[in-house]
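When the letters of the sequence shown are read in order and numbered with my numbering, they come out as residues 283 to 624. All C-beta atoms in this analysis are idealised placements derived from N, C-alpha and C, irrespective of residue type, glycine included.
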Amino acid sequence: MDHAISREFRQLVEDLRLLAYDGEPGFFLICEFYWRLVLKSKPLAPLLTRAQLAPLSRHPRLEAALKEAILRDPSGANLPRWYQHFIGRKYRGATGKFFTPVPVAAAMAALFPIPAQATLLDPACGAGTFLSAVKSQNTSTPAKYVYNDIEPALIELARLGSALNGMQEGETDFYCENIFDPSTRLHATYKDKVDIILANPPFSVYLTDVTFFSPIFSAGYHNSDAIFLDACLHFLKPGGKMALLLPHSLVANANFRKFRIIVEKNWGLLGVIALPEGVFKLTAEATTRTDIVLLEKRTGPVGKRIFGYVQTVGVRTTGRSSETVSNDLDSLVRSNPLGIGL
Ligand SMILES: C[S@@+](CC[C@H](N)C(=O)[O-])C[C@H]1O[C@@H](n2cnc3c(N)ncnc32)[C@H](O)[C@@H]1O
Numbered sequence: 283m284d285h286a287i288s289r290e291f292r293q294l295v296e297d298l299r300l301l302a303y304d305g306e307p308g309f310f311l312i313c314e315f316y317w318r319l320v321l322k323s324k325p326l327a328p329l330l331t332r333a334q335l336a337p338l339s340r341h342p343r344l345e346a347a348l349k350e351a352i353l354r355d356p357s358g359a360n361l362p363r364w365y366q367h368f369i370g371r372k373y374r375g376a377t378g379k380f381f382t383p384v385p386v387a388a389a390m391a392a393l394f395p396i397p398a399q400a401t402l403l404d405p406a407c408g409a410g411t412f413l414s415a416v417k418s419q420n421t422s423t424p425a426k427y428v429y430n431d432i433e434p435a436l437i438e439l440a441r442l443g444s445a446l447n448g449m450q451e452g453e454t455d456f457y458c459e460n461i462f463d464p465s466t467r468l469h470a471t472y473k474d475k476v477d478i479i480l481a482n483p484p485f486s487v488y489l490t491d492v493t494f495f496s497p498i499f500s501a502g503y504h505n506s507d508a509i510f511l512d513a514c515l516h517f518l519k520p521g522g523k524m525a526l527l528l529p530h531s532l533v534a535n536a537n538f539r540k541f542r543i544i545v546e547k548n549w550g551l552l553g554v555i556a557l558p559e560g561v562f563k564l565t566a567e568a569t570t571r572t573d574i575v576l577l578e579k580r581t582g583p584v585g586k587r588i589f590g591y592v593q594t595v596g597v598r599t600t601g602r603s604s605e606t607v608s609n610d611l612d613s614l615v616r617s618n619p620l621g622i623g624l
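(1) Taking the straight line between their C-alpha atoms, what separation do you get for aspartate 355 and leucine 319?
(2) For tyrosine 488, count the other beta carbons within 10 Å of its own beta carbon; 16 or more makes it buried, fewer makes it exposed. Which is it?
(3) For the candidate residues Thr423, Ala406 and Tyr427, whose alpha-carbon lies nearest to that of serine 414?
(4) Grouping DSSP H, G and I as helix and E and B as strand, with all else coil, what is glycine 410?
(5) Counting pairs of beta carbons, one from the segment 493–505 and one from the segment 522–541, are three or more of them closer than 8 Å?
(6) Rounded to whole angstroms, how far is the Cβ of tyrosine 303 from the Cβ of leucine 311, which I believe are closer than 8 Å?
(7) DSSP beta-bridge partners for glycine 596?
(8) Can you check the segment 456–528 for any alpha helix (DSSP H) of at least 4 residues that lies completely inside it and give the ranges in chain order?
(9) Do three or more CB pairs link the segment 420–434 to the segment 506–513 at distances below 8 Å?
(10) Excluding the 5 residues preceding and the 5 following glycine 623 in the sequence, name in chain order all residues of the same chain whose CB lies nearer than 7 Å to its CB.
(11) Per DSSP, what kind of secondary structure is glycine 443 in: helix, strand or coil?
(12) Name the residue from Gly621, Asn482, Leu446 and Asn609 whose alpha carbon lies nearest to the alpha carbon of proline 360.
(13) Taking DSSP's pairing of strands, which residues face phenylalanine 589 in a bridge?
(14) In chain order, what residues of the same chain lie with their CB nearer than 8 Å to the CB of glycine 522, ignoring the 5 residues before and after it?
(15) Say whether the segment 379–390 touches the segment 465–472, bearing in mind that this needs 3 or more beta-carbon pairs closer than 8 Å, one atom from each stretch.
(16) Put alanine 400 into one of helix, strand or coil per three-state DSSP.
(17) Taking the C-alpha atoms as reference points, what is the distance between leucine 338 and glutamate 546?
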């Protein structure tokens, strides 16, 4: 999104807020319009009542501007941004929401080849950016895309995103469940069934208790991002692979040494790609430094590994329109560093 569009976008958000479209109603209004205008159908589940839609219809200029903005974005690339403006800001702290910028998700999606009939899972999918990226890069490979997030509005967003991305109903499966609760339908359906997980877990949420076998929790680590690894192990087939973003501290700091030892008992470490600071600054106003960590549910010794640092990832980190945006991460991924084909 360039600077002028960004200004226009903020103006639209402010105008909608004046009509009391804020929080969920604001966001659901946007989803409703994407369904109607781009997909030319009704939302799968009703999002807003007629009474809730009425105020906008009394402001035809604003309605026309909104329609134009949505029709300019038929792929739904701006949907996470709408979400951040209406909802994300309020709740981010509680459930660790930092959306992954599309170029980073696209690079992670290209790291592992997707076998035909593969099952892919994003257990904390947010807007569903990772699975959308996989689908865009593998349009003719038959696969099952499984989405889960704890927040209902995000599952609506992921559902809409998958439809905009051309996914058919039979290709997708949606859940709105707590990934740390082993008694859910998601756990029962996909235990040991998943080939590839792509994820950006909730960061730094303190978990007081977990009700599944978690050596990481038992070792005294209570942060959601660390325990997420034990939760994911449950879903993968032996040899299944995972690419996830983790706080750099887990990879590098001395107080996470025991965590890393536990991880390497259960997982083969395929690689770490350290990202520059500021990757989440524009999508989430967050300064957390993150790394891409590549893992394989352990079956034996691992083959080729990659350890690297990239200086750029194809997103602006300063917000200045003059900033040049190169993408070393993409170049690295395209060089097929794991030697397992693209
Ligand atoms: C860091 S965001 C990543 C979102 C998305 N995967 C992306 O990369 O853009 C983490 C997501 O985890 C979800 N989440 C938080 N706690 C969760 C839980 N216990 N179970 C499932 N999802 C959870 C949040 O709602 C949020 O969408």
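In this structure, then:
(1) As a position in the sequence shown, residue 355 is number 73, starting the count at 1. As a position in the sequence shown, residue 319 is number 37, starting the count at 1. Those two C-alpha atoms are separated by around 11 Å.
(2) Position 206 of the sequence shown holds residue 488. Burial call: exposed.
(3) Against the sequence shown, residue 414 aligns to sequence position 132. Looking at the Cα atoms, Tyr427 is the closest of the given residues.
(4) As a first step, residue 410 is located in the sequence shown; it is residue number 128 there, counting from the start. Residue state, collapsed to three classes: coil.
(5) yes
(6) The sequence position of residue 303 within the sequence shown is 21, counting from 1. The sequence position of residue 311 within the sequence shown is 29, counting from 1. Contact flag correct, Cβ pair sits at about 5 Å.
(7) Mapped onto the sequence shown, residue 596 falls at position 314. Paired residues: none, contrary to the question.
(8) 467–472, 497–500 and 506–515
(9) no
(10) Working through the sequence shown from its first residue, we reach residue 623 at position 341. Confidence at glycine 623 is low in this model, with a pLDDT of 44, below 50, so the placement of that residue is unreliable and no value is reported for it.
(11) Within the sequence shown, the letter at position 161 stands for residue 443. In this structure, glycine 443 counts as helix in the three-state DSSP scheme.
(12) Translated into the one-based positions of the sequence shown, residue 360 becomes position 78. It should be noted that the sequence gives asparagine, not proline, for residue 360. That would be Leu446, whose Cα lies nearest to the Cα of asparagine 360.
(13) Your numbering for residue 589 matches position 307 in the sequence shown. In the DSSP output, where bridge partners are listed per residue, phenylalanine 589 has Val554.
(14) In the sequence shown, residue 522 corresponds to position 240, counting from 1. Once the five neighbours on either side are set aside, the close Cβ partners of glycine 522 are Val476, Asp477, Ile478, Ile479, Glu578 and Lys579.
(15) no
(16) Here residue 400 is taken as the residue at index 118 of the sequence shown, counted from 1. Strand, per DSSP.
(17) In the sequence shown, counting from the first residue as 1, residue 338 sits at position 56. In the sequence shown, counting from the first residue as 1, residue 546 sits at position 264. Approximately 55 Å between the Cα atoms of the pair.
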